Amino acid sequence: MTPKLWPYVVGLLLAGLCWLGWIWYQHYHYYVATGQELGMMGKQWAAGMLALGVIGLAVFGGHAAWLNRAAVAATDAGAADGSSAGLASPTVKWSNPSPLMRQAGRDFVLEVRAIGAAVDAIVNDEIWKGIEKKGETHMTFLPTDPSAYPDNDFKREHIYGMSIGLSFEHGARGIVDQWPMPAIAYGPPKHQSNGNRAGKSISSGRSAAGLGVALFLWEDDANTEDGAESLEKLFSFFDRNPDVPAAMVISRDGTYDRLLRQAPGSGRIQLGAGKVEMPDSMGALMVTRSDRVDQLVRPFAVHIPRGVNKTDTEYDLIKQWNFYWKKSEDRGPDSFEAQYEREEKARGVLFPMFSGIVSSTYWHSQLPELWKTISNKGPGQFNPSPYLPIRWTDWQVRQFDAMPLLGYLHRPVDVNLSDEHGKPLRVPYQVQALKEGWARAVEGLEGQRQPRRVFYDTSADKHWVIPLTQALAQSGDDAPRPGELKEGYDIGYRIGKTGVSSPLIQVGLAIVAGYEDGAASATVNLRPGGRASIVMVSPPEPERKKSMMQAFGAN
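Structural data, given as structure tokens:
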């Protein structure tokens, strides 16, 4: 449910008039007292209106979240076709018949359903179009004029918040309502005593994007320089948990973000005007395995009205909803928050900051209490599991089916660039290791065709592009060339230093580019400890893309 907008607009206009009257009053008395004009009236009024607008948006968002909590919002009603399928037939009808979905082991793939790559509040295809329009291999598409950037820290914080909201809004687009979505969060290193863990970005992203009926579980987080590890953990998570149908991985970095993670007592953030070393960079990626929905969810979906709210406790969905919020908002001595604060203080954190989202481990430990209350009524024999604690409803299945398929994320291929003593290999041996890793990654692509583009980042080491270039030159005439304008994309130059978010930014651009031209892309990241990671990104099949373009448009 969305609150009515007009009271907020009227309130903002009235507040603006009052603010203007107050400024005029102050300026008038100054003129009477001194005979001089105070000046800057317009800028004072604009700054005040900006502050009032931010406050108004925050109140509006809180109001919307409260309404959705009180009445689990709904518009779409009706029963799904085949909701009584049960387990009568051993044959599963695959909703995604792509050969890639039958691959397993090191060729296992994840379906990309949503991506939110944001840099300084510029998102997804806007970034890609900016890079392509710039048409330079070693120049950023971002403005170089300092006057194009915030001239004070208040505006800089506003852009930071916009980037968070845009990234999460796009990255969680189409999310299944009221199902606890596991999320992995990565951020830059923090001071040991600082409580701003990467996991906090799950709840702050949810709030900034206004996802009132979306539920999340804090699956894992890390404050590190190794952003590529997030994709490795994502695949390991799906390997360990065969009942997981979907998950998100998110990242956040930037000069402003890093200052928020410094030692407590370091003083107020004062960046001033102009461009900073690291732009705000956020990544949010939602992936699925539709075959798991086809096997574990679809045959057992139950029909309930779409407009039920938290008082309709005869439904298992509402029992889970109320149970989730009961556990999330519990502040007792045995609550997750109390447990979290004790653990953080033991790690040396001075002021623990509760993430606002319960961990998957804690949630799973509480599920036996929920399972005692549910009816589990519906078609077939549904067996509750940690990530599927109750049956989905028919309209949740329809939400899942309505998600666009933007492409496929292939399992990362790890390449060791160090010897047994941890020292960097000589360049010829690095070239050979990268060449072998590249060949393994290409094997997972449909038809084993070379990708058209390679995304990489030399921000941490400008020289490592040398062995990468030589390795690809030895991988065939159709392999992309890192130095070519339309084949190699060094994010460190084309955008800037995006730190921990670089791997997800690269994946996001690969998804956008592949959706446009139907070609695969590669992302290659140099990792701490003398390793590299190669991740292939495939576009959706032409027939699937055609149907999606009819439903969602070209973008």
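Numbering (the working numbering), first residue to last: 20 to 574. Backbone N, C-alpha and C fix where the C-beta goes; we use that ideal spot for every residue, glycine too. Note that this is a predicted model, so its numbers are computed, not measured.
If we ignore side chains and look at the alpha-carbon of each, how far apart do residue i and residue j end up?
{"i": "K564", "j": "D497", "result": "25 Å"}
{"i": "R366", "j": "E348", "result": "24 Å"}
{"i": "D433", "j": "V450", "result": "14 Å"}
{"i": "H177", "j": "K505", "result": "34 Å"}
{"i": "E248", "j": "G218", "result": "15 Å"}
{"i": "L253", "j": "V268", "result": "7 Å"}
{"i": "E455", "j": "W483", "result": "16 Å"}
{"i": "V531", "j": "P561", "result": "15 Å"}
{"i": "M283", "j": "R546", "result": "Checking the sequence shown, residue 283 turns out to be Pro, not Met. Taking the straight line joining both Cα atoms gives about 29 Å."}
{"i": "M568", "j": "L424", "result": "11 Å"}
{"i": "F401", "j": "S394", "result": "11 Å"}
{"i": "I510", "j": "E296", "result": "14 Å"}
{"i": "V543", "j": "S552", "result": "6 Å"}
{"i": "I203", "j": "D240", "result": "6 Å"}
{"i": "M200", "j": "L491", "result": "38 Å"}
{"i": "I141", "j": "T332", "result": "43 Å"}
{"i": "S404", "j": "T477", "result": "43 Å"}
{"i": "I183", "j": "R317", "result": "33 Å"}
{"i": "A539", "j": "P118", "result": "15 Å"}
{"i": "N213", "j": "K364", "result": "10 Å"}
{"i": "W147", "j": "P352", "result": "49 Å"}
{"i": "R445", "j": "S378", "result": "43 Å"}
{"i": "W85", "j": "R325", "result": "Residue placement at W85 is poorly supported in this model, since its pLDDT is 47, which falls under 50; the coordinates are not used for a value here."}
Which residue comes first and which comes last in the beta strand (DSSP E) that contains residue i?
{"i": "F235", "result": "L234 to N242"}
{"i": "D433", "result": "V432 to N435"}
{"i": "E130", "result": "V128 to V138"}
{"i": "V268", "result": "A265 to D272"}
{"i": "I146", "result": "I146 -> not in any beta strand (DSSP E); alpha helix (DSSP H) instead, spanning D144 to K153."}
{"i": "S557", "result": "R550 to S557"}
{"i": "R125", "result": "That residue, R125, is in no beta strand (DSSP E); it is neither H nor E in DSSP."}
{"i": "G397", "result": "It is not in any beta strand (DSSP E) - G397 carries neither H nor E in the DSSP assignment."}
What do you get for residue i, buried or exposed, if any count of 16 or more other CB atoms within 10 angstroms of its CB means buried?
{"i": "G12", "result": "One cannot answer for residue 12 here, as it falls past the ends of the chain, which runs 20 to 574."}
{"i": "R361", "result": "exposed"}
{"i": "S520", "result": "buried"}
{"i": "F173", "result": "exposed"}
{"i": "M158", "result": "exposed"}
{"i": "F319", "result": "buried"}
{"i": "V554", "result": "buried"}
{"i": "H440", "result": "exposed"}
{"i": "K442", "result": "exposed"}
{"i": "I288", "result": "exposed"}
{"i": "A113", "result": "Before going further, note that residue 113 is Trp rather than Ala in the sequence given. Exposed, by the Cβ-count rule."}
{"i": "W344", "result": "exposed"}
{"i": "G206", "result": "buried"}
{"i": "T330", "result": "exposed"}
{"i": "K346", "result": "buried"}
{"i": "P486", "result": "buried"}
{"i": "V91", "result": "With a pLDDT of 38 at V91, under the threshold of 50, the modelled position of that residue is not reliable, and no figure is offered here."}
{"i": "Y50", "result": "Reliability fails at Y50, whose pLDDT of 48 lies under 50, so the model's placement of it is uncertain and no value is given."}
{"i": "Q493", "result": "exposed"}
{"i": "A265", "result": "buried"}
{"i": "F370", "result": "exposed"}
{"i": "R311", "result": "buried"}
Could you spell out where the alpha helix (DSSP H) holding residue i opens and where it closes?
{"i": "L428", "result": "Careful: L428 lies outside any alpha helix (DSSP H), inside the beta strand (DSSP E) at G426 to H429."}
{"i": "N341", "result": "D335 to E348"}
{"i": "M181", "result": "D172 to G190"}
{"i": "F474", "result": "Run containing F474: none in the alpha helix (DSSP H); it sits in the beta strand (DSSP E), R472 to Y475."}
{"i": "V227", "result": "According to the sequence displayed, residue 227 carries Ala and not Val. It spans K219 to A227 - the alpha helix (DSSP H) in which A227 sits, taken as one unbroken run."}
{"i": "L545", "result": "From DSSP, L545 is part of no alpha helix (DSSP H) but of the beta strand (DSSP E) over S540 to R546."}
{"i": "V450", "result": "V446 to E462"}
{"i": "A204", "result": "Counting along the chain, A204 falls outside any alpha helix (DSSP H), though it belongs to the beta strand (DSSP E) covering P199 to G206."}
{"i": "S300", "result": "Premise fails: S300 lies in the beta strand (DSSP E), S300 to T307, not in any alpha helix (DSSP H)."}
Given a cut-off of 8 Å, decide if residue j and residue i are closer than it, judged by their beta-carbon atoms.
{"i": "P501", "j": "T488", "result": "yes"}
{"i": "S437", "j": "G549", "result": "yes"}
{"i": "L129", "j": "Y512", "result": "no"}
{"i": "V327", "j": "R410", "result": "no"}
{"i": "M372", "j": "N215", "result": "yes"}
{"i": "D139", "j": "P298", "result": "yes"}
{"i": "I376", "j": "W237", "result": "yes"}
{"i": "P522", "j": "G246", "result": "yes"}
{"i": "P431", "j": "E251", "result": "yes"}
Exercise. Please confirm if the stretch 185-200 is in contact with the stretch 299-315, defined as three or more CB-CB distances below 8 Å between the two stretches.
Key: Yes: the two stretches touch, three or more of their Cβ pairs being nearer than 8 Å.
Quiz item: Okay, do the stretch 151-171 and the stretch 462-474 touch, 3+ Cβ pairs below 8 Å being the bar?
Solution: no
Quiz item: Between the stretch 155-172 and the stretch 339-346, do three or more beta carbon pairs fall short of 8 Å?
Solution: No: fewer than three Cβ pairs fall under 8 Å.
Quiz prompt | Three-pair Cβ contact test at 8 Å for the stretch 375-392 versus the stretch 282-296 | solution = no
Practice problem: Would you be able to state if there are at least three C-beta pairs under 8 Å between the stretch 254-266 and the stretch 214-229? | Solution: The stretch 214-229 vs the stretch 254-266: no contact.
Quiz item: So, do the stretch 350-358 and the stretch 411-427 have three or more beta carbon pairs nearer to each other than 8 Å?
Solution: no
Quiz item: Is the number of C-beta pairs between the stretch 228-240 and the stretch 465-474 that are closer than 8 Å three or more?
Solution: The answer is no - the stretch 465-474 does not touch the stretch 228-240, with fewer than three Cβ pairs under 8 Å.
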